[in-house]
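Student: Position one of the sequence shown corresponds to residue 8 (our numbering), numbered consecutively onward. This structure is in structure tokens; I'll ask about it shortly.
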Amino acid sequence: MLETEIIKRGDDSGNGALIKYTSSTGAVVKSIGIPQSWQTTLGPTWCYVLEGDDLTLIDPGCHGSVDYLEQGLEELGYSLTAVDRIVVSHGHMDHSGSCLPVVQKSGAKLWAHEVYGSMLQADRWEMQSAWRREVQGFDAFEKSETVTRVKEHHERNRLLTLDQPVTDELQSGGLTFYYTPGHSPDELCVLFDQMLFSGDHILPLITPHPSVVMSYENYKSTLPEAYRGGNEIYGLKVLLTSLKRMAALDGDITVLPAHRAFHRGKLNPIGLERATEILEHHRNRCHELTDIMKTGPIDLASLTTKYFSGRELEEQNFFLAFNEIMSHIELMQEAGDVSATLDSDNGILWSNGLAPNALLRWEGTTLFSDLIDRL
Ligand SMILES: [Zn+2]
């Protein structure tokens, strides 16, 4: 267990807060609650500050938040120019959005997984646009501020250079890097002493969105050569495999996540058992989907609408909800529990065997559960 001290209280979600963690071996890590630059209930991105041979920052936060980072560092007794290394858990904008100004101001080296490096140059939003246009109900999302921000984020980060492309189990200066794809194809967890910085891979209170297998074919050509032989980096199965791997780490480890470490005025300490809880959440979601599908063949959009309700289905959220359901159907399809057939002769299936007008048929089995056990 870690000793936790709130050095400075931020708001109720932890925006602007400073927290100090001390392990039983005396290792110290400090964190800064970096606010997002947009309205969100997510709360801050927790940036972790590690003082070893090098001064390391894990996840500097979103674009437009550098002043908060700089102020937090100063209150902790560091200057931004003293930072030697920036480690990015994954390329999403709330984690790596401020990398460019932080690298420019500090001169620090940028460390991230090698897939992160390959993603910097690709026009990833455009590469997925073909299938998105085929789904009704995505228009509101396509026109949303979120999409504008994602595009700007990619555009800005084209100017970044990855100084250290990290691969699985790399060790450096007391840090061990684990490649844990699934939420994102470039996700890293980082072990330091008894602390595992989990990025978005393991979060308290909320479950990170799984990516979808279909993205693999869309992005394959942009990946490093070693990743082009078959999908091991996208989809729910990949996420669950990565969760099992972290759950099996040895030792008295506390998980330090990038979100919700503090929420509604309370700390939310978690251990590795949270990885298993998240896995069971997804297994349960598959079971719940069979409950809807047992009433008869259904298309993906209708399944999404029947499964979620209220805020989760608001226009702009429909894209995320649809993806969440698709990731589970992909797994059940692989296990042999679900088959998809086109309801007319003139459609084509996506690379994952699904399509907006395909009807999903449940075979009456729950082989997905054995598949999850065997991962
Ligand atoms: Zn995040």
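Think of the CB as a built atom: it goes at the ideal place given N, C-alpha and C, for glycine as much as any other residue. All of these numbers come straight from a predicted model, not from anything done at the bench.
(1) Based on the DSSP secondary-structure assignment, which residues constitute the bridge partners of Cys54?
(2) Is Leu25 helix, strand or coil by DSSP?
(3) Based on the DSSP secondary-structure assignment, which residues constitute the bridge partners of Gln171?
(4) Whose CA, out of Pro215, Thr88, Thr32, Asp74, lies closest to the CA of His383?
(5) Report the three-state DSSP secondary structure of Tyr314 (helix, strand or coil).
(6) What is the rounded straight-line gap between the Cα of Glu152 and the Cα of Leu286?
(7) Nearest to His161 by CA position, among Trp132, Leu169, Asp170, Leu203, is which residue?
(8) Beta-carbon separation of Val262 and Asn359 under 8 Å?
(9) Going along the chain, which residues of its own chain have a beta-carbon closer than 8 Å to the beta-carbon of Leu356, five neighbours each way excluded?
(10) For Thr44, which of Lys301, Ser179, Thr229, Ser105 has the nearest alpha-carbon?
(11) If you follow the beta strand (DSSP E) that Val262 is part of, which residue opens it and which one closes it?
(12) Taking only three categories from DSSP, how would you classify Thr155?
(13) Would you tell me roughly how many angstroms separate the C-alpha atoms of Ser125 and Leu169, rounded to the nearest one?
(14) In angstroms with no decimal places, state the Cα-to-Cα distance between Leu382 and Leu279.
(15) Closer than 8 Å is the cut-off here; do at least three beta carbon pairs connect the stretch 105 to 122 with the stretch 299 to 308?
(16) Is the stretch 225 to 244 touching the stretch 73 to 81 in the sense that three or more CB pairs, one from each, lie closer than 8 Å?
(17) Measuring straight from C-alpha to C-alpha, what distance separates Asn238 and Thr248?
(18) Below 6 Å CB to CB, which residues in the same chain sit around Thr183 once its five sequence neighbours on both sides are set aside?
(19) Any heavy atom of ligand 1 closer than 7 Å to the CB of Pro193?
(20) Round the Cβ separation of Gly33 and Gly17 to the nearest angstrom and send it over; I've been treating them as touching at under 8 Å.
(21) Using only alpha-carbon positions, find the residue among Ser30, Leu64, Met202 that is nearest to Gly114.
(22) Any heavy atom of ligand 1 within a distance shorter than 7 Å of the CB on Asp101?
(23) Roughly how many whole angstroms lie between the Cα atoms of Arg147 and Gly181?
(24) Helix, strand or coil, according to DSSP, for Phe145 in the structure here?
(25) Contact between the stretch 249 to 269 and the stretch 46 to 53: three or more CB pairs below 8 Å?
(26) Does DSSP classify Ala34 as helix, strand or coil?
(27) In or out: Ser351 buried (at least 16 other Cβ within 10 Å) or exposed?
(28) Taking 8 Å as the threshold (C-beta atoms), are Asn164 and Ile103 in contact?
(29) I believe Gly206 touches Asp66 by the beta-carbon criterion, under 8 Å. Please report the beta-carbon distance rounded to the nearest angstrom.
(30) Quick check: the Cα distance between Lys313 and Gly144, rounded to an integer number of angstroms?
(31) With a Cβ-Cβ cutoff of 8 Å, do Phe329 and Val142 count as a contact?
(32) Since Thr373 contacts Thr297 with CB under 8 Å, what's their CB separation in whole angstroms?
(33) In terms of alpha-carbon separation, which member of Glu319, Thr48, Val245, Asp377 lies closest to His294?
(34) What separation, rounded to the nearest whole angstrom, lies between the Cα atoms of Gly343 and Met333?
(35) Considering only DSSP beta bridges, list what Phe204 is partnered with.
(36) If you check the beta carbons only, do Leu25 and Lys37 fall under 8 Å apart?
Tutor: The relevant details are as follows:
(1) Reading the sequence shown from its first residue, position 47 is the one you call residue 54. Paired residues: Ile39.
(2) The residue labelled residue 25 in the question sits at position 18 within the sequence shown. In the structure shown, Leu25 sits in a strand (DSSP, three-state: E or B).
(3) As a first step, residue 171 is located in the sequence shown; it is residue number 164 there, counting from the start. Per DSSP, Trp118.
(4) Since the first residue shown for the chain is 8 and the last is 382, residue 383 is missing from the structure and cannot be characterised.
(5) On the sequence shown, residue 314 is found 307 positions in, with the first residue counted as 1. Reduced to three states, the DSSP call for Tyr314 is helix.
(6) In the sequence shown, the residue the question calls residue 152 occupies position 145. In the sequence shown, the residue the question calls residue 286 occupies position 279. Computed Cα separation, rounded: 31 Å.
(7) Indexing the sequence shown from 1 puts residue 161 at position 154. It is Trp132.
(8) Stepping through the sequence shown from its first residue, residue 262 is reached at position 255. Stepping through the sequence shown from its first residue, residue 359 is reached at position 352. Result no, Cβ atoms of Val262 and Asn359 do not sit closer than 8 Å.
(9) By one-based count along the sequence shown, residue 356 stands at place 349. Closer than 8 Å at Cβ, skipping near neighbours: Ala347, Leu349, Ala362, Ala365.
(10) Start at 1 with the first residue of the sequence shown, and residue 44 comes out as number 37. The residue you asked about is not Thr; residue 44 is Ser in the sequence shown. When only C-alpha atoms are compared, the closest one is Ser105.
(11) One-based indexing of the sequence shown puts residue 262 at position 255. Val262 -> beta strand (DSSP E) spans 261 to 263.
(12) Against the sequence shown, residue 155 aligns to sequence position 148. Reduced to three states, the DSSP call for Thr155 is helix.
(13) Within the sequence shown, the letter at position 118 stands for residue 125. Within the sequence shown, the letter at position 162 stands for residue 169. Each residue's alpha carbon lies about 9 Å from the other.
(14) Stepping through the sequence shown from its first residue, residue 382 is reached at position 375. Stepping through the sequence shown from its first residue, residue 279 is reached at position 272. If you take the alpha carbons of Leu382 and Leu279, they lie about 17 Å apart.
(15) no
(16) The count of Cβ pairs closer than 8 Å, one atom from the stretch 73 to 81 and one from the stretch 225 to 244, stays below three, leaving the stretches out of contact.
(17) Residue 238 sits at position 231 when you count from the first residue of the sequence shown. Residue 248 sits at position 241 when you count from the first residue of the sequence shown. Taking the straight line joining both Cα atoms gives about 13 Å.
(18) Residue numbering aside, residue 183 sits at position 176 when the sequence shown is read from its first letter. So the list reads Leu198, once near-sequence residues are dropped.
(19) Sequence index remark: in the sequence shown, residue 193 carries index 186 (1-based). Strictly speaking, residue 193 in this sequence is Asp, with Pro absent from that position. Not so, every heavy atom of ligand 1 lies at least 7 Å from the Cβ.
(20) Along the sequence shown, read from residue 1 onward, the residue named residue 33 stands at position 26. Along the sequence shown, read from residue 1 onward, the residue named residue 17 stands at position 10. Gly33 to Gly17, Cβ: 26 Å. No contact.
(21) For the purposes of this step, residue 114 is identified with residue 107 of the sequence shown, where counting begins at 1. Minimum Cα distance to Gly114 is reached at Leu64.
(22) Along the sequence shown, read from residue 1 onward, the residue named residue 101 stands at position 94. Checking every heavy atom of ligand 1 against the Cβ of Asp101, one is found closer than 7 Å.
(23) As a working note, residue 147 is residue 140 in the sequence shown. As a working note, residue 181 is residue 174 in the sequence shown. Residue identity check: residue 147 is Ala in the sequence provided, not Arg. Going from the Cα of Ala147 to the Cα of Gly181 covers about 46 Å.
(24) Stepping through the sequence shown from its first residue, residue 145 is reached at position 138. Coil, per DSSP.
(25) yes
(26) The residue given as residue 34 occupies position 27 in the sequence shown. Three-state DSSP puts Ala34 in coil, outside helix and strand.
(27) Indexing the sequence shown from 1 puts residue 351 at position 344. Looking at its Cβ environment, which holds fewer than 16 other Cβ atoms inside 10 Å, Ser351 is exposed.
(28) Position 96 of the sequence shown, counted from the start, is the residue given in the question as residue 103. Position 157 of the sequence shown, counted from the start, is the residue given in the question as residue 164. It should be noted that the sequence gives Ser, not Ile, for residue 103. Yes; because the gap between Cβ atoms is below 8 Å, this pair is in contact.
(29) Along the sequence shown, one-based indexing puts residue 206 at 199. Along the sequence shown, one-based indexing puts residue 66 at 59. About 7 Å separates the two Cβ atoms, so the contact holds.
(30) For the purposes of this step, residue 313 is identified with residue 306 of the sequence shown, where counting begins at 1. For the purposes of this step, residue 144 is identified with residue 137 of the sequence shown, where counting begins at 1. For Lys313 and Gly144, the distance between alpha carbons rounds to 15 Å.
(31) Within the sequence shown, the letter at position 322 stands for residue 329. Within the sequence shown, the letter at position 135 stands for residue 142. Result yes, Cβ atoms of Phe329 and Val142 sit closer than 8 Å.
(32) Translated into the one-based positions of the sequence shown, residue 373 becomes position 366. Translated into the one-based positions of the sequence shown, residue 297 becomes position 290. Indeed, because the Cβ distance is near 7 Å, the residues count as touching under 8 Å.
(33) As a working mapping, residue 294 is identified with position 287 in the sequence shown. Measuring from the Cα of His294, the nearest candidate turns out to be Asp377.
(34) As a first step, residue 343 is located in the sequence shown; it is residue number 336 there, counting from the start. As a first step, residue 333 is located in the sequence shown; it is residue number 326 there, counting from the start. Going by the C-alpha atoms only, they are around 15 Å apart.
(35) As a position in the sequence shown, residue 204 is number 197, starting the count at 1. BP columns for Phe204 point to Val197, Leu263.
(36) Numbered from its first residue, the sequence shown carries residue 25 at position 18. Numbered from its first residue, the sequence shown carries residue 37 at position 30. Taking 8 Å as the Cβ cut-off, Leu25 and Lys37 qualify as a contacting pair.
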